[in-house]
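Below: the structure, in structure tokens.
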Amino acid sequence: MTTDRSFLTRFAWLSIAAALATIALKTTAYAITGSIGLLSDALESLVNLVGAVLALAMLSVAARPEDDTHAYGHSKAEYFASGVEGSLILIAAGTIAFAAIPRLLHPQPLQQIGAGLAVTIAAALINLLVALVLRRAAARYESVILEANSQHLLADVWTSVGVVVGVGAAGLTGWQRIDPMVALAVAAHIVWTGVPIVIEAVRGLMDTALPADEQTALRNVLDKYREQGVHYHALRTRRAGAKRFVSVHVLVPGSWTVQRGHELLERIESDIRGALPHVSVLTHLEPLDDPASWKDMSLERDDAS
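If you read the sequence shown in the numbering used here, its first letter stands for residue 1115, the second for the next number, and so on.
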């Protein structure tokens, strides 16, 4: 399977186009109605645009191959972009709340509600379609940033639904405070969406181990070699975007030849690559009967003893 992921930038361009279209539509809806709820919806689309532009830049960086200064590649750029987008989502939530509170205290009548809501629904349909495309691409290509983008757009869709219901209710009942109350609910929903995106980005940047199911698959591969008198320790895993990294120390009887040990490691690495997708494997061979082999199970080796 090819490791070139530069083609993923086309999904970022799709997200940028959708953001520009929905900003224009939602801003028009706000101008028509004067609804603070519709303004909050437009502000979230502005964050979508910034996030999509950042995604375009970081997907281009992440697609670069390894070089002398980045021996493990550039795929962590996706986590950076995802974290920034999550942070922008939280900032948008604060901005929406800041705009909604004065309107809650001093409500104002809305204008041309029907036309404004029709425009908002059109924008929501655009976001829904693009979100589904991005989610499918994120799952297929294991892209952290496309997943974050799709989650944000889906949250935007639900935001629009809430705004349409709230603004419509305000128009039908004449109770104008419904509009800013909906905006505050939108802000809370945006926070609910943004926090997990930030957490996932931090986990990736902190080199969190592979998920439990992949750890189990990895150990199943290694455990079958115990029947041959082979042991292992210092198993470490991490993930950067779609790429997985595994390192492990393999312990064999000291009487083995270098050639036999090398052939064993080749088989183990091949089995691991068969069990996990997009994985880079680093193995280290050690003799079972050498006490020094058991001093490097932790990240920092202890030679004091």
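Ideal Cβ placement from N, Cα and C applies to all residues, glycine included. From a predicted model like this one, the values you see are computed outputs, not experimental measurements.
Going by C-alpha to C-alpha distance, which of the options sits closest to residue i?
i, options, result
"R1350", "E1328, G1282, R1340 and V1344", "E1328"
"Y1339", "L1379, L1157 and R1291", "L1379"
"I1227", "V1278, A1302, L1248 and G1368", "V1278"
"S1361", "H1398, G1368, S1369 and L1260", "H1398"
"I1386", "T1330, V1366, K1409 and W1408", "T1330"
"T1123", "S1174, E1314 and I1292", "S1174"
"L1163", "A1138, A1143 and L1365", "A1138"
"E1400", "L1390, G1388, R1374 and A1389", "R1374"
"A1131", "G1318, L1170, A1252 and R1250", "L1170"
"A1252", "W1408, F1121 and K1409", "F1121"
"V1258", "D1410, A1389, V1316 and A1302", "V1316"
"L1402", "R1352, Y1346, L1219 and A1143", "Y1346"
"W1370", "G1343, R1381 and P1179", "G1343"
"I1210", "R1254, R1178, A1156 and P1179", "A1156"
"I1292", "R1352, A1406 and G1151", "G1151"
"L1204", "Q1222, M1295, V1309 and F1194", "V1309"
"V1167", "L1128, A1283, R1178 and A1145", "L1128"
"L1319", "A1283, F1194 and V1366", "F1194"
I'd like to know whether the C-beta atoms of residue i and residue j end up nearer to each other than 9 angstroms.
i, j, result
"R1358", "L1336", "no"
"K1140", "A1354", "no"
"A1348", "H1392", "no"
"V1281", "L1224", "yes"
"E1199", "G1165", "yes"
"L1160", "A1206", "yes"
"A1213", "A1297", "yes"
"P1294", "I1240", "no"
"G1368", "D1404", "yes"
Roughly how far, in whole angstroms, is the beta-carbon of residue i from the beta-carbon of residue j, given that I think they are within contact range, below 8 angstroms?
i, j, result
"A1262", "I1311", "5 angstroms"
"L1383", "V1395", "Correcting the residue identity first, residue 1383 is Glu in this sequence and not Leu. Sure, about 4 angstroms apart at Cβ, within 8 angstroms."
"H1266", "T1234", "Their Cβ separation, rounded to whole angstroms, is 17 angstroms, which puts H1266 and T1234 out of contact at 8 angstroms."
"V1271", "L1242", "5 angstroms"
"I1304", "A1269", "7 angstroms"
"A1299", "G1276", "6 angstroms"
"A1238", "S1274", "4 angstroms"
"G1148", "Q1222", "6 angstroms"
Could you check the C-alpha separation between residue i and residue j for me, to the nearest Å?
i, j, result
"A1126", "V1244", "10 angstroms"
"T1116", "M1172", "At T1116, the pLDDT of 45 sits below 50, so the modelled position is not reliable and the matter cannot be decided from this model."
"V1364", "S1196", "36 angstroms"
"R1217", "Q1290", "9 angstroms"
"G1230", "G1285", "11 angstroms"
"D1181", "G1187", "7 angstroms"
"W1408", "A1326", "25 angstroms"
"A1135", "N1334", "50 angstroms"
"S1201", "G1388", "37 angstroms"
"Y1255", "H1220", "49 angstroms"
"E1341", "G1208", "59 angstroms"
"S1419", "P1179", "Note that S1419 scores a pLDDT of 47, beneath 50, so its modelled location is shaky; the value from the coordinates is reported in the next line. Near 42 angstroms, if we compare the C-alpha coordinates of P1179 and S1419."
At what residues does the beta strand (DSSP E) containing residue i begin and finish?
i, result
"L1122", "Per DSSP, L1122 belongs to no beta strand (DSSP E) and is neither H nor E."
"E1158", "No beta strand (DSSP E) holds E1158; the alpha helix (DSSP H) holding it covers I1150 to A1176."
"R1254", "From DSSP, R1254 is part of no beta strand (DSSP E) but of the alpha helix (DSSP H) over I1227 to Y1255."
"A1356", "Segment: none, A1356 is in no beta strand (DSSP E) and carries neither H nor E."
"H1303", "No beta strand (DSSP E) contains H1303, which is instead part of the alpha helix (DSSP H) from I1292 to L1319."
Tell me the residue span of the alpha helix (DSSP H) that contains residue i.
i, result
"H1188", "Here H1188 belongs to no alpha helix (DSSP H), and DSSP marks it neither H nor E."
"V1271", "V1258 to T1287"
Is residue i close to chain C? Criterion is C-beta to C-beta, closer than 9 angstroms.
i, result
"W1289", "The structure shown contains no chain C, having only a single protein chain."
Is any heavy atom of the ligand NAD found at a distance shorter than 8 angstroms from the C-beta of residue i?
i, result
"S1129", "This structure lacks the ligand NAD; in fact it carries no ligand of any kind."
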